[in-house]
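Let me begin by presenting the structure, written as structure tokens, before commenting on it.
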Amino acid sequence: MNILRFAIITAFFAVLPFSHIPAFAASYQKVKVFACEPEWAALAQEIGGDKVEAFSATSATQNPHYIRARPSLISKVRKADLLICSGASLEVGWLPVLLKKASSDLQPGSAGYLMAANLVTMLEVPVVVDRSMGDIHPEGNPHLHLNPYNLIIVGEVLADRLSEIDPGTASFYKNRFQDFSSRMQKAISRWESEAAELKGKPVVVHHKSFSYLIDWLGMKGVGALEPKPGIPPTASHLKNLLLQLRNSPADVIIRTPYDPAGASEWFSEKTGTRAVVLPYTIGGDSQSGDLFALFDRIIALLK
700 MNILRFAIIT AFFAVLPFSH IPAFAASYQK VKVFACEPEW AALAQEIGGD
750 KVEAFSATSA TQNPHYIRAR PSLISKVRKA DLLICSGASL EVGWLPVLLK
800 KASSDLQPGS AGYLMAANLV TMLEVPVVVD RSMGDIHPEG NPHLHLNPYN
850 LIIVGEVLAD RLSEIDPGTA SFYKNRFQDF SSRMQKAISR WESEAAELKG
900 KPVVVHHKSF SYLIDWLGMK GVGALEPKPG IPPTASHLKN LLLQLRNSPA
950 DVIIRTPYDP AGASEWFSEK TGTRAVVLPY TIGGDSQSGD LFALFDRIIA
1000 LLK
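This note's numbering puts the first residue of the sequence shown at 700, with every later residue one more than the last.
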């Protein structure tokens, strides 16, 4: 009798349509997140924990403006449930190619399409845009993750999107966001206290990758080694910048790991101003393994 009952039950589940299998049976399937940059993959992992599998299309040593839409990236985006990027045209050279190969769930207007720049107050939004201005982003400066308050804003929306895509785990994502937000706000208070001495300090950048960081910490951007955004430094521009800062030199020159070192090293030698490579994003150096460590490291290097 027991054998017969077992056979009947086994046969029943063998023919049961997949749609009738209880939701918890699929709960072991992780939400696949395709992040354009490492900071968003890290944020997805903070919010999603072991319920998500986050992949970054770029690394800390790559300039996110200039990436090829490689077959491996196309394969990843095809399998993704959610795409999160900086937006503001940062990925305009390669993301549209990937989106053509992605599912309808990752297209603009869907829950699986998330552009951080659409959620926060943007800096350096140009009034007019033309080619003579260099690599200008019409929507504003896209390097928005270097103000940690923006991470909280984006994190909340990310938790909502994950909840929409994976409703059975919604409370988990909401709780993870609340925990992340609490930890981040405490860390921000500590960072602002530690960085108080940096307020008002003049800084020269290679590219305007650090505008949100400078604005958040109350530092003063006094020049860029690039004559225009995305245009490599020229001898004439660097000489003019030397003259401009002759009577009020900068406290520090900063660049990302992927910016060429030559211009900042030359400027440092001519002015005696220290040149620092800031990690910029997750993995920018050996001590920047997560979002909290990233800001710890940046502030330590600036002091």
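Backbone N, C-alpha and C define an ideal beta-carbon position, used for all residues, glycine too.
- Judged by beta-carbon spacing, leucine 822 lies within the 8 angstroms limit of tyrosine 911, meaning their Cβ atoms are closer than that value.
- Non-local beta-carbon contacts of glycine 917 in its own chain, meaning distances under 8 angstroms to residues more than five positions away in sequence, involve Leu897, Lys898, Gly899 in chain order.
- Boundaries of the beta strand (DSSP E) harbouring valine 904: 901-904, taken from the DSSP string.
- According to the DSSP assignment, phenylalanine 754 belongs to no alpha helix (DSSP H) but to the beta strand (DSSP E) extending over 751-755.
- Excluding the 5 residues flanking it on each side, alanine 801 has same chain C-beta neighbours closer than 6 angstroms at Val776, in chain order.
- Alanine 743 carries a helical assignment under DSSP once its states are collapsed to helix, strand and coil.
- About 14 angstroms separates the beta carbon of aspartate 958 from that of valine 902, a gap too long to meet the 8 angstroms contact definition.
- In this chain, the alpha helix (DSSP H) harbouring leucine 797 covers 794-800.
- Between the stretch 730-743 and the stretch 981-988, the count of C-beta pairs closer than 8 angstroms reaches three or more; the two stretches touch.
- Per DSSP, the unbroken beta strand (DSSP E) holding leucine 782 starts and ends at 781-784.
- Distance from the CA atom of serine 880 to the CA atom of glutamate 745, rounded to whole angstroms, is 10 angstroms.
- Each residue's CA atom was taken as its position, placing threonine 868 and arginine 882 some 22 angstroms apart.
- Here the alpha carbons of proline 928 and histidine 764 stand approximately 12 angstroms from one another.
- Rounded to the nearest whole angstrom, the C-alpha separation of proline 926 and valine 856 is 36 angstroms.
- Contact check for serine 755 against alanine 768 fails: the beta carbons are separated by 8 angstroms or more.
- For the pair of segments examined, the stretch 938-957 was found not to touch the stretch 872-879: the number of CB pairs separated by less than 8 angstroms stays below three.
- Valine 921 sits in a strand when the DSSP states are folded into three classes.
- Unbroken beta strand (DSSP E) stretches of 3 residues or longer found wholly inside the stretch 943-975: 951-954, given in chain order.
- Within its own chain, the residues whose Cβ lies closer than 8 angstroms to the Cβ of phenylalanine 871, once the five positions on either side in sequence are excluded, are Gly748, Lys750, listed in chain order.
- Beta-bridge partners of tyrosine 812 (DSSP): Leu782.
- Taking 8 angstroms as the cut-off, the beta carbon of leucine 940 is found no closer than this to the beta carbon of glycine 920.
- Of all alpha-carbon atoms in Gln761, Ser987, Gly971, Phe909, the one lying nearest the alpha-carbon of leucine 845 is that of Phe909.
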